[in-house]
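Visitor: Chains as they are written, first to last, in my numbering: chain A, 1 to 756; chain B, 1001 to 1121; chain C, 2001 to 2139.
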Amino acid sequence: MARNIETSENRDNGLIGLIPVALSAALFAWLITQANTIAEGGAIRYVWDWVPSLGISMSFMLDGLSLTFALLISGIGAMVFLYSRTYLAGQEHFNRFMFFLTSFMLAMLGLILADNLITLFVFWELTTITSYLLIGFAHATEKGRRSALQALFVTGAGALALLAGFILLGTTMGSFELSEILANGDALRNHELYVPILILILAGAFTKSAQFPFHFWLPNAMAAPTPVSAFLHSATMVKAGIYLMARLHPAMSGTDIWFWTLTVAGAFTAVFASVLALRQIDLKQSLAYTTLMALGTLTLFLGQDSAYAMTAFATFLIVHSLYKASLFLVVGCVDYSAGTRNADILGGLGRIMPVSALAAALAALSMAGFPPFLGFIGKELQYAGILAIGSQPFVFTVALLLSNALMFAVAGIVALRPFWGRREVELPRSPKEVPWTMLLGPVVLACLGVFFGIHPDPLQFALVDPLVASLLGSIDEAKELKLWAGVNMPLILSIVTVTLGAALYIGHRGLRAWLGRVVAAAPNFDRGWDRFLAGLKGFAAWQTRIIQPGILRVYIGVTFATALVAIGGTIIARNAWPGLPDFQDVTWPIIAISLLISVGAIMAALTSSRVAAMAALGVVGIGVAMVFIVFSAPDVAITQLLVETLVVVLVAVALLRLPLLDQGGRDHRPADAVLALGVGGVFTLVLLAVLETPIDLRLTEYFEVTSWPEAFGRNIVNVILVDFRALDTFGEIAVVVIAALSAYALLRTTSERKDP
Amino acid sequence: MEALLALTIGVLVATAVYLMLARNILRFIFGLVLFSNAANLTIFVSGRVTVGAPPLIPVGADAPVGDVANALPQALVLTAIVIGFGLFAFALVLMFRAYSSLGTLYSDEMRVAEPREGGKT
Amino acid sequence: MNSIILRVGTRYLAGILVLFSLYMLIRGHNEPGGGFIGGLIGSTSFVLYAIACGTAEARAALKIMPQNIAVAGLGIALLAGIAAALFGDALFTGQWLFLNPTEDSKGLPISTVLIFDIGVYLVVFGSILSIVFAMEEEI
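(1) Can you give me the C-alpha to C-alpha distance between M1110(B) and T1104(B), rounded to a whole angstrom?
(2) According to DSSP, simplified to helix, strand and coil, what is D585(A)?
(3) Check the DSSP bridge columns for A114(A) and list the partner residues they point to.
(4) Just the C-alpha distance for V2018(C) and I2026(C), rounded to the nearest angstrom, thanks.
(5) Below 7 Å on C-beta distance, what does R1096(B) contact in chain C?
(6) Can you tell me whether E177(A) is helix, strand or coil according to DSSP?
(7) What are the partner residues of S2111(C), as DSSP defines its beta bridges?
(8) Against chain B, does N116(A) count as a neighbour if the rule is that its beta carbon must be under 9 Å from one of theirs?
(9) Considering only the beta carbon of each residue, do V1017(B) and G680(A) sit closer than 9 Å?
(10) Please confirm whether A399(A) and Y308(A) have their CB atoms less than 9 Å apart.
(11) Report yes or no: is there a C-beta of chain C within less than 9 Å of the C-beta of S1101(B)?
(12) Alpha carbon to alpha carbon, how far is G2126(C) from V630(A)?
(13) T33(A): buried (16+ other C-beta within 10 angstroms of its C-beta) or exposed?
(14) Please state whether DSSP places I758(A) in a helix, a strand or coil.
(15) Counting contacts by CB-CB distance shorter than 9 Å, is G1086(B) in contact with chain C?
(16) Please state whether DSSP places V1112(B) in a helix, a strand or coil.
(17) Which residue or residues does DSSP assign as beta-bridge partners of Y46(A)?
(18) Have a look at G2042(C), E2031(C), Y2012(C) and flag the residue whose alpha-carbon is nearest the alpha-carbon of L2122(C).
(19) Going along chain C, which residues have a C-beta under 7 Å from A1089(B)?
(20) Which residue from A140(A), K324(A), A368(A), I506(A) puts its Cα closest to that of A235(A)?
(21) Quick one: is S2127(C) near chain B, going by C-beta distance under 9 Å?
(22) Output, in sequence order along the chain, the residues in the region 1022-1047 of chain B whose CB is closer than 9 Å to any CB in chain A.
(23) If V450(A) and L362(A) are in contact, beta carbons under 8 Å, what's the gap, nearest whole angstrom?
(24) Taking 8 Å as the cut-off, does the region 1085-1101 of chain B touch the region 631-651 of chain A (at least 3 CB pairs, one atom from each stretch)?
(25) Report all residues from its chain with a CB closer than 6 Å to the CB of H320(A); omit the five preceding and five following residues, and keep chain order.
(26) Under three-state DSSP, which class holds N342(A)?
(27) Could you list the residues in the region 2028-2040 of chain C with a C-beta less than 9 Å from some C-beta on chain B, going in chain order?
(28) So with CB distances below 7 Å, who are the chain B contacts of V679(A)?
(29) Provide the residue span of the alpha helix (DSSP H) that contains V1065(B), from first to last.
(30) At a Cβ threshold of 9 Å, is M2065(C) touching chain B?
(31) Determine the direct distance from the alpha carbon of I73(A) to that of R45(A), and round the result to whole angstroms.
(32) CB-CB under 6 Å to A613(A), same chain, minus the five flanking residues each way: which ones, in chain order?
(33) So the candidates are G731(A), I733(A), T749(A), A671(A); which of them puts its Cα closest to the Cα of A1014(B)?
(34) Check whether the Cβ of S103(A) sits closer than 8 Å to any heavy atom of the ligand FMN, and report yes or no.
(35) For N1040(B), does the three-state DSSP call read helix, strand or coil?
(36) For L2091(C), name the three-state secondary structure that DSSP assigns.
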């Protein structure tokens, strides 16, 4: 934690901290005004052309799914910004923090509103980068840096897979527009590339949403300041992967591989994470693992197709964001006030911090799934959804039951013990209630959980129905959100959950010790990550020693050999040999000039005399100039001849002071000669192949017909240089000046060192 | 016509690569000169070659009369030659500077930036 | 190189070369020539001068530091390009003014294109001379 409580008592960070609050509140308000249109089945779409030649546009779409996410992001965002202003008051880099967090929020909004795969990917990566900066906000600590890098690497690697998947998807479907892809789901599901596309995209979604086995970065990301954890790691960023799977659900779901991958991964993550959540002592870590559990559950439901499952997904998504953000913020309040987040130490804060305690209780009851909270409706729907599952309903129901019971227990640990439990040890700081700016968020979010529990209709109408409509295509599919559905299977399962959860809570200390032993024996992914990184570094060092040993010759040799293999290999693999060249139109002067150049070049390569090499280079230069003369390029020929003269002058000056070429025997390198001949041969082949393809002369013809009428010049080459392509020429003469000045500077420093 | 030039360019590239792989950096610079010649010729030849018809517009005409040489690669090559000279001059000065401070022209012995393992330069 | 004939001869030759280089620069828009070629020829004249009479004398004859000439040339080329923006065109669009137009000729052309080419001339001229002079002096 990088904050300094002593200096923060009576300081806020001025008005600048309110700008993001106002921004997100305004966005939230605007989104609310759109809700009616969306609820009536409409969708709002904005398109700007970005790279039209590649079919990439900046297009955005607001429908039920994106509206729900956008409201959660901007609404929770506004609370978190307000909260951070106090929580991080007096913090040295507060403005930087707010900038990162605001950028993150905007990137996240861009992600969920994007209607184009490439646009979506760009925002996806922006959230990766901004979250890296936020997790690493405590960059002075090693843990902060490690966690930030880990999150960046894991989600970044997933994003690369995602990009590959998107490009494959876009080219397969002939469009990068999401709305067009979603309309052609059947074509995609029956395409032969469906499986590779699915694997690549899921790799991106699973890493981002921390599904097993990529789960380990999320608990480490708790190194970020608590508002960040509340915002990114519960309500928004980790939901990006969920969002993506939901977004593509209409186009990709319904296959066996989709069902099994998502259901199994989701169920396993849910159980695995909720078991680990019970084990944590740090409140924030507990919540981090329950977030994993929620993500797993959401993934599990996205694997299904039934209306119950989709309604459960929609409801649980909203429920979870509300109570999780609230709980994270409360934990932040506790930490802020008491100076610790250790569940074993904390207790008895209920009387000192009554408002925080109330928020915590409401949020926790929703999390535990008590009536009349929205969490209860969510859980009922979850059980209804799991019972509608196509195969193995029993296994998955047990998994869900187990994780929900564990959630119940964790809700008790997080919300009950710190406030109403007995305090056994002295706290690091004497606690008191936190300011209202920090309380507003948790209280509002927690109260929403109650309000929507009692009055689910507005939520149903505005968010759940449209969301299910974007998943299943019809507004009428969504099941009704109601508190009392009669005595049925879900209700019985709920009762079992509560009973089991209560038992787990009572016995959680004993369980924790036992779990500790089990976990210690199991493979540790976090440590595996370290080993993986060490191995990667070792490999990098090894290959650097081989390929980049610090010897110029080796670098050049590797470069040319790579070019040779890459180009030559392509020619062989594609069988792209050029046809036999046609030498019929060759005239004697050309043969003579070619021989002159070749002989000059070979002589320059083989001679061991400096003067002979210089002369040979001169011969080559003159030969090239003659080529320009014969083939109607007077300007080029004159330039070449003049430059050739200057080269001779410079070399002559330099050679006076340099030693002879070969001080130790002749220069004879057969291996280099083989490589050189190979590169030369491949170069010729490529050029011959180029010459076989038809040439596009449109540009030249344009220059020819406009040179005089429009640019008033009869020398087309010069007109191109100083008029048509003057900007290029300007860049080029700038390079000439830079080269001259650098050479001049190099020479002058030499002389100063020689005789000061 | 182009085919023969393509062969010649191949010879230029081969000799340039051979020279650039030498241990003596003076040879490397000779290779650089050959390589830029090869590159210029490649651009020129890729635009196809025409004998005896420079891209000029005669007085009284609005456009060139008949088939003339492709002006675009000529313009590109012209600037490339001048830039190539700038690069060459810089490389030469750099080499000279390296020689005067390190006392050698052999690139294997120039190890100030990347010393051999064991700390010797 | 201490031949009196060479020194005197070079002095005249250098002068002629400079004049020739300016001629090549001006005619470049319609005939082979232009800023690059003109600059190369112009610099050759002073390179010859430096070889024959020494760089100190060549620098004295030139009066201005060649690096300054190169940078000034770059500035002139840039101004010629920016001028187009003042007339509401895209950067580096040629602007033309014809003096004394008559029935059968457009008149004497003055253009930003020519100014740009003068900039190119000065860049090439100055850059080459700063390298050659420095090498002659330091090596």
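We treat Cβ as the ideally placed atom computed from N, Cα and C, and that holds for glycine.
Guide: On the basis of the data shown:
(1) Spanning the two alpha carbons is a distance of roughly 8 Å.
(2) Assigned with DSSP and collapsed to three states, D585(A) falls in coil, not helix or strand.
(3) A114(A) is bridged to F60(A).
(4) Going by the C-alpha atoms only, they are around 13 Å apart.
(5) Sequence inspection shows Phe at residue 1096(B); the Arg mentioned does not correspond to that position. Within chain C, the residues placing a beta-carbon under 7 Å from that of F1096(B) are I2139, ordered along the chain.
(6) Three-state result, E177(A): strand.
(7) Partner(s): W2096(C).
(8) Not flagged as an interface residue toward chain B: N116(A), since no C-beta distance is shorter than 9 Å.
(9) In contact: V1017(B) and G680(A) (Cβ atoms closer than 9 Å).
(10) Not closer than 9 Å, so no.
(11) Not closer than 9 Å to any Cβ of chain C, the Cβ of S1101(B) fails to qualify, so no.
(12) Looking at the two C-alpha atoms, the distance is approximately 31 Å.
(13) The residue in question, T33(A), is exposed, as its Cβ has fewer than 16 Cβ neighbours within 10 Å.
(14) This structure does not reach residue 758(A), given that chain A is present from 1 up to 756, and the question cannot be answered.
(15) For G1086(B), the answer is yes, since a Cβ of chain C falls inside 9 Å of its Cβ.
(16) Assigned with DSSP and collapsed to three states, V1112(B) falls in coil, not helix or strand.
(17) BP columns for Y46(A) point to F60(A).
(18) Minimum Cα distance to L2122(C) is reached at G2042(C).
(19) Those are I2131, listed as they occur along chain C.
(20) Looking at the Cα atoms, K324(A) is the closest of the given residues.
(21) The C-beta of S2127(C) comes closer than 9 Å to at least one C-beta of chain B.
(22) Of all residues in the region 1022-1047 of chain B, only A1022, R1023, N1024, I1025, L1026, R1027, F1028, I1029, F1030, G1031, V1033, L1034, N1037, A1038, N1040, L1041, T1042, F1044, V1045, S1046, G1047 come within less than 9 Å of chain A when Cβ atoms are compared, listed by chain position.
(23) Right, their Cβ atoms sit about 6 Å apart.
(24) Contact annotation: the region 631-651 of chain A touches the region 1085-1101 of chain B, with at least three C-beta pairs closer than 8 Å.
(25) So the list reads A294, once near-sequence residues are dropped.
(26) Secondary structure of N342(A) (DSSP, three-state): strand.
(27) The residues in question are N2030, E2031, P2032, G2034, F2036, I2037, G2039, L2040.
(28) Against chain B, a Cβ distance below 7 Å from V679(A) picks out V1013, A1014, V1017.
(29) For V1065(B), there is no enclosing alpha helix (DSSP H), as DSSP marks it with neither H nor E.
(30) No - not a single Cβ of chain B is within 9 Å of the one on M2065(C).
(31) It is roughly 19 Å from the alpha-carbon of R45(A) to the alpha-carbon of I73(A).
(32) Taken in chain order, the residues that qualify are A604, T607.
(33) Nearest to A1014(B) by C-alpha distance, out of G731(A), I733(A), T749(A), A671(A), is A671(A).
(34) No copy of the ligand FMN occurs in the structure displayed, which carries no ligand at all.
(35) Three-state DSSP puts N1040(B) in a helix.
(36) Here L2091(C) sits in coil by DSSP.
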